[in-house]
Structure formats: structure tokens, C-alpha cells
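The opening residue of the sequence shown carries number 778 in the numbering used here; numbering runs sequentially from there. The C-beta atom is built at its ideal place from N, Cα and C for all residues, glycine as well. If you're wondering where the values come from, they're calculated on a predicted model, not measured in any experiment.
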Amino acid sequence: MIYKVTMSLFHTTDYKEVLRKKIEENPGERAYKSSLAAAAGCQLSFLSQVLHAEVQLTPDHAMGLAVHWGLNEDEREYFMGLVQHSRAGSKLLKSALEKKLDAIRARQENLSQRYKKPSLSPGERETLYYSAWHWSAIHILITIPRFQSASAIAERLSLPQSVVEQALITLESMGLALKRGKHWVASQADIHLPKESLLNSIHHANWRNRAISDSQTRSKESIHYTAIHSLSRADFEQVKGLILNLIDSTRKIVGPSKEEELISVCLDCFKV
């Protein structure tokens, strides 16, 4: 199955761009436009004017389209906000609506809120888990059947076996690993560190240092990409949206995937 990375609604600043993209994504352009006009409760000729002139949808039209597309609450609120922003006549109202749209967008960019995965309780154990790369590496590695012993893990990660053995015992005390006979298994594999945590920068640095080390090996299997760009503010939002959609797509692939390889995916996009 191929997962398509599509435009993110939350990183679009013009509702007409959403309309155009929806039309592009659906075959039979005229028939689809007619279905949109019917959903919005307007004439097809009026919808064409919206797409190609300064005519704006009304909130009623926008709600009809939101229901037609099956948008969730946040998506519907954001799309309605875009329409209201385009219709606003005063700078004061536009500014208020922009703040509202920014708040909705910020909620969507908070990955803890986006995926709602469990996290370790703040304290000594959480600090220890995120203090070095090998804790999370060992934790996830034991989901792979051939790496469920201390000796196999030590060889795979080039770590002293004594370090691995102690890490496994500690992970067990954290409720993240279980020993079954001679093998170790993960009891909770999918955890997430909240964006607000002070440990975030340490966790990111640990794995980006590993990325640097891997880039020095020049492995043909690895991908390493760094670029500095100048672009418009609107396109910056589009790029962020694509990256968030890519994260969504990778999680859809990883979830049901058979555990065979341990990999790291590091993604950054920020203003300098």
C-alpha cells in the first residue's frame, strides 16, 4: 500500500486553495464541482465565481462543505475560520480571526495532542529513560524477536553486555519490559515525550548525534538530508503541513508492520 502525503488543511491560509485542491484530487471535475455546489447550497455558477473571482462563500456555504467532506471538529472550525477571515472587512476582526486560526494550528502541531500516546510519569525514571540514546533503543529493539536477549542486543548496538542487562532490569522496573523465560519483550512500546518537557532537547540531541555518527559511515541504506531555504510565510506553513502528514503516514505504516529492523527517523523544520 502507498500512503499519499496530501495537503494539510491546517497549514493552508486560503480556503479557496482548499477548494481547488479538493477539485484536483477528485476525477470528473464538473461533476465534483456540482456535488460541492449542492453541498454548499449554492448554484454551480456562484461556486465558479468563488474560485475565479473576489466572491466569497458564506458561513452557511462553508458549513455545508465541511459536512460534505466529513471534517472533524478542529478541521471544521479551521475551515470556517478561513472563510470568516476572507470575508472580514476590518483589520481588527482579521487579526482576531488570525489568532484563532493560529491557536487551532498550534494544537495540531503538538504531537502529544495529535497522537495522544501514553508517556512516562515525570520524575527520576523519565529523566533516566531520556538521558541517553540506548534506553529507547533497547526498549524498542526487544520488540524484534531475534533481539530479545542481552547478548544479541549488546552485539547489535555495540554496547557492553553488562550495560544492556542493567538497562533491561531498569526498563522492567519502569513497566516497559517483561522477562519471559530467557527472553525479554516490550510491555509498552509506543510512548511519547510531551513537547513541553524539558527533556525534549536532550532526547532530540541524543538521536541527532546518532544520525551524525551514521552519516559518517556513508551507509547506502540511510537517508540524511539538511537544507537551508528562504521562502514565503505561507509556503513555510505548507512545508510544515507536509512534514506532519508524512509523520502521520509513517505511523500508519509502522503500526501494523512486522518487527524486523530498528530505525530512527528525525525530522526538523524551524525558522532560523
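CB of Q925 within 8 Å of CB of I919, strictly: Here residue 925 refers to the residue found at position 148 when the sequence shown is read from its first residue. Here residue 919 refers to the residue found at position 142 when the sequence shown is read from its first residue. Yes; because the gap between Cβ atoms is below 8 Å, this pair is in contact.
Quick check on Q820: buried or exposed, where buried means 16 or more other Cβ atoms within 10 Å of its Cβ? Numbered from 1 along the sequence shown, position 43 holds the residue referred to as residue 820. Under this definition Q820 is an exposed residue.
Roughly how many angstroms lie between the CA atoms of R902 and G805, to the nearest whole one? On the sequence shown, residue 902 is found 125 positions in, with the first residue counted as 1. On the sequence shown, residue 805 is found 28 positions in, with the first residue counted as 1. Cα-Cα distance, rounded: 56 Å.
Please state whether DSSP places A954 in a helix, a strand or coil. Mapped onto the sequence shown, residue 954 falls at position 177. It is a strand residue.
Taking just the CA atoms, how far does N977 sit from P971? As a first step, residue 971 is located in the sequence shown; it is residue number 194 there, counting from the start. As a first step, residue 977 is located in the sequence shown; it is residue number 200 there, counting from the start. Roughly 8 Å between the two C-alpha positions.
Quick check on DSSP: helix, strand or coil for A817? Taking the sequence shown and counting its residues from 1, the one referred to as residue 817 is at position 40. Helix, per DSSP.
May I ask you to report which of helix, strand or coil DSSP gives V1049? Stepping through the sequence shown from its first residue, residue 1049 is reached at position 272. Coil, per DSSP.
Helix, strand or coil at H960 [DSSP, three-state]: The residue given as residue 960 occupies position 183 in the sequence shown. If DSSP states are grouped into helix, strand and coil, H960 belongs with the strands.
Runs of beta strand (DSSP E) wholly within the region 997 to 1032 (minimum 3 residues, chain order): none
With burial defined as no fewer than 16 other Cβ atoms inside 10 Å of the residue's Cβ, what is the status of M778: buried or exposed? In the sequence shown, counting from the first residue as 1, residue 778 sits at position 1. Bear in mind that the predicted position of M778 carries a pLDDT of just 40, short of 50, making it unreliable; the figure below should be weighed with that in mind. Exposed is the call here.
When the Cα atoms are used, what is the spatial distance from Q959 to P922? Against the sequence shown, residue 959 aligns to sequence position 182. Against the sequence shown, residue 922 aligns to sequence position 145. Note that residue 959 corresponds to Lys in the displayed sequence, not to Gln. So the alpha carbons of these two residues sit roughly 12 Å apart.
So which of A808, V832, P836 has the shortest CA-CA distance to G818? Taking the sequence shown and counting its residues from 1, the one referred to as residue 818 is at position 41. Answer by Cα proximity: P836.
Distance CB(L955)-CB(S964) smaller than 8 Å: Along the sequence shown, one-based indexing puts residue 955 at 178. Along the sequence shown, one-based indexing puts residue 964 at 187. A contact, by the Cβ cut-off of 8 Å.
Cβ contact check for the region 854 to 863 and the region 782 to 798: 3 or more pairs under 8 Å: yes
Three-state secondary structure assigned by DSSP to L842: Within the sequence shown, the letter at position 65 stands for residue 842. Three-state result, L842: helix.
Where Y780 and L1019 are concerned, what is the direct C-alpha to C-alpha distance, given to the nearest angstrom? Within the sequence shown, numbered from 1, the residue matching residue 780 stands at position 3. Within the sequence shown, numbered from 1, the residue matching residue 1019 stands at position 242. For Y780, the pLDDT reaches just 37, beneath the cut-off of 50, and the residue's location in the model is therefore unreliable, although a value from the coordinates is still provided. Approximately 13 Å between the Cα atoms of the pair.
Apply the 10 Å Cβ neighbour rule to L1008 and answer buried if 16 or more other Cβ atoms are within range, or exposed otherwise. Counting from one through the sequence shown, the residue named residue 1008 turns up at place 231. L1008 comes out exposed.
Quick one: grab the DSSP three-state call for L897. As a position in the sequence shown, residue 897 is number 120, starting the count at 1. It is coil, neither helix nor strand.
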